[in-house]
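*Asks:*
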């Protein structure tokens, strides 16, 4: 039974991580669609490390 609970826990962790990434992607996408710069936190959750120059360029676009 312990193996089953470990597998279930791992599956739940992976599902939560997937949903977190999807949330960040939708938030960044919505910001771009509305002609706003995406939040730095959303970009970082997507694995993008924004620089000051990149964020300045996004805010001017």
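In the working numbering, the protein residues as written are 47 to 107. Heads up, the beta-carbon is just placed ideally off N, CA and C, and yes, glycines get one too.
1. Kindly confirm or deny that the segment 88 to 101 and the segment 63 to 73 touch, where touching means at least three C-beta pairs closer than 8 Å.
2. Nearest-angstrom Cα distance between residue 80 and residue 63?
3. Can you give me the start and stop residues for the alpha helix (DSSP H) that residue 85 sits inside?
*Replies:* Based on what the coordinates show:
1. Counting C-beta pairs with one atom in each stretch, the segment 88 to 101 and the segment 63 to 73 have three or more that are closer than 8 Å, which means they touch.
2. Position 34 of the chain shown, counting from 1, holds the residue named residue 80. Position 17 of the chain shown, counting from 1, holds the residue named residue 63. Computed Cα separation, rounded: 26 Å.
3. Stepping through the chain shown from its first residue, residue 85 is reached at position 39. From DSSP, residue 85 is part of no alpha helix (DSSP H); its letter is neither H nor E.
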